[in-house]
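Colleague:
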Amino acid sequence: MKERKGVRRGMRGVRVPLALSTLTVAPVVMARVIVVCTYPDLADLVRQVGGPRVVAYSLAKGYEDPHRVEPRPSHVVLLRRAHMVVRVGMDLDLWLNSLIQAAGNPRIKWGAKGYVDVSKGVRKLEVPKGKVTPRAGHYHVYGNPHFLLGPSNIRQVLANILAGLARVDPKGRSYYLKRANSYLRLLSKKFSGWKRLLAPYRGTKFISYHKYWAYFCKDFGLVEFGNIEPKPCIPPSPAHIRNLIKRAKAARVRLVVHENIYPSKFPRLVARAIGARMITVPIMVGGEKGVDTYIKLIDTIVRRIARALGGKG
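Okay, here's the thing in structure tokens:
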């Protein structure tokens with residue numbers, strides 16, 4: 012009972028959707044589970060599973076570089092109220108650690124019921140071999156952390172979210188499970204359609220700014236040929252760009268993918284030099300107007316690639 016009162020206090024100041032605020036038949040407002048996520052993709056997935064039983068916040072914005080999110084006092088305030096925290100893990104959101112410590116909320120500390128790392132159980136790609144040094148750039152010792160761009164990983168991500176919600180709100184377990192399964196059926200249908208759209212372009216090579224695309228390529232059969240960055244989060248040098256252009260011409264690369272959180276100067280330069288099409292895409296939910304769900308994010312990326320390569324989508 013004490014915990015439920017804490018939930019009500021934490022809901023002060025939260026904007027209630029119109030459909031809920033106009034209900035008059037229920038005199039008691041349902042206390043919702045407060046979930047704080049590192050990224051907007053995770054917040055959307057939490058909402059898909061949690062429905063009206065949860066309120067989900069994202070610390071990062073969809074137009075921010077996920078590697079370089081600046082911790083803010085408002086983040087600490089949110090985390091103090093949270094019943095659950097959801098992170099990508101794999102060192103992508105290391106910036107969360109200091110915020111959790113500053114919040115001093117025992118419900119969301121590592122190992123607590125309300126702590127969820129969605130990378131648990133995800134099959135990692137590009138795990139480095141040997142010793143990792145600073146020369147490697149922004150290297151992730153656990154592998155490429157951008158697995159949310161691979162739709163096939165979302166089943167495991169939802170399983171981790173579901174387990175966390177069931178721990179902090181056991182009475183909602185069956186409700187969360189039903190919603191998770193419903194969302195997975197929808198995502199599976201969308202995934203089949205996306206694969207059909209990109210099937211004619213399997214094996215197509217492309218250049219991107221950053222190494223975001225390992226899991227996307229695995230799911231759709233594309234090939235990330237090279238990157239504008241010589242190493243993750245290291246700015247390109249003129250020598251690197253010249254070498255990339257030379258290699259891309261020889262390999263007949265047809266596409267340059269510009270992630271919209273980065274400057275377009277070098278992607279545009281490379282695309283012109285090799286005679287390739289360039290597309291600009293968001294890499295997170297909220298990274299572009301109208302891209303407000305995970306499904307819309309992947310749909311936007313897939314359709315732009317398909318249009319650039321063959322005019323369909």
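Here my numbering is used: the first residue of the sequence shown is 12, the next is one more, and so on. Yeah, the Cβ is synthetic: ideal placement off N, Cα and C, and Gly gets one too. Computed from a predicted model, the values in this text were never measured in an experiment.
1. Alpha carbon to alpha carbon, how far is V313 from L208?
2. Assign R253 to one of two classes, buried (16 or more other C-beta atoms within 10 Å of its C-beta) or exposed (fewer than that).
3. If I'm right that I290 touches V268 with Cβ under 8 Å, what's the distance once you round it to whole angstroms?
4. Between the Cα of L195 and those of G204, L169, D104, K182, spot the shortest distance and give me the residue it belongs to.
5. Specify the secondary structure class of V39 as computed by DSSP and reduced to three states.
6. Whose C-beta lies closer than 6 Å to the C-beta of G175 among residues of the same chain, with five residues either side of it excluded?
7. To which residues of the same chain is K260 closer than 7 Å at the C-beta, ignoring the five residues directly before and after it?
8. Which residues does DSSP pair with M289 in a beta bridge?
9. Let me know the secondary structure DSSP gives R166 once reduced to three states.
10. Does DSSP put G237 in a helix, in a strand, or in coil?
11. Helix, strand or coil: which one does DSSP assign to I218?
12. Counting only runs of 4+ residues fully inside the stretch 57-106, write out the alpha helix (DSSP H) ranges in chain order.
13. Just to confirm the assignment, what range does the alpha helix (DSSP H) spanning I316 have?
14. Going by the DSSP bridge assignment, what does I45 pair with across the sheet?
15. For the alpha helix (DSSP H) that contains D230, what are its first and last residues?
16. By how many angstroms is the C-alpha of T49 removed from the C-alpha of P249?
17. Thinking D102 and H151 are a contact (beta carbons under 8 Å), I'd like their distance in whole angstroms, please.
18. Please determine, among R166, A42, G100, the residue with the shortest C-alpha to C-alpha distance to V60.
19. Grab me the residues of D8's own chain with a C-beta within less than 7 Å of its C-beta, minus the 5 sequence neighbours each way, in chain order.
20. With DSSP as the reference, please indicate the residues paired to Y126 in a beta bridge.
21. Look at the alpha carbon of V292 and the alpha carbon of Q112, and state the distance between them as a whole number of angstroms.
22. Out of G62, D55, A67, R58, which has the shortest C-alpha to C-alpha gap to V47?
23. Are the CB atoms of G232 and G204 within a distance shorter than 8 Å?
24. Taking all protein chains shown into account, do 16 or more other C-beta atoms lie within 10 angstroms of the C-beta of A210, making it buried, or fewer, making it exposed?
25. When the Cα atoms are used, what is the spatial distance from K72 to L173?
Modeller: With the structure as the only source:
1. 8 Å
2. exposed
3. 6 Å
4. Taking each of G204, L169, D104, K182 in turn and checking the Cα distance to L195, the smallest one comes out for L169.
5. The predicted position of V39 is uncertain, since its pLDDT is 36 and thus under 50; no value can be drawn from it.
6. Its chain contains M95, V127 as the residues whose beta carbon lies nearer than 6 Å to that of G175, once the 5 sequence neighbours on both sides are disregarded; these appear in chain order.
7. Taken in chain order, the residues that qualify are I285.
8. V267
9. helix
10. strand
11. strand
12. 84-92
13. 305-321
14. Per the DSSP secondary-structure output, I45 pairs in a beta bridge with V66.
15. 225-231
16. If I take the Cα positions, the gap works out to 34 Å.
17. Their Cβ separation, rounded to whole angstroms, is 5 Å, which keeps D102 and H151 in contact under 8 Å.
18. R166
19. Beyond the ends of the chain as shown, which are 12 and 324, falls residue 8; an answer cannot be given.
20. V96
21. Straight-line Cα distance between these residues: approximately 34 Å.
22. Of the candidates G62, D55, A67, R58, the one whose C-alpha sits nearest the C-alpha of V47 is A67.
23. G204 places its beta carbon 8 Å or farther from that of G232.
24. With fewer than 16 Cβ atoms within 10 Å of its Cβ, A210 is classed as exposed.
25. 23 Å
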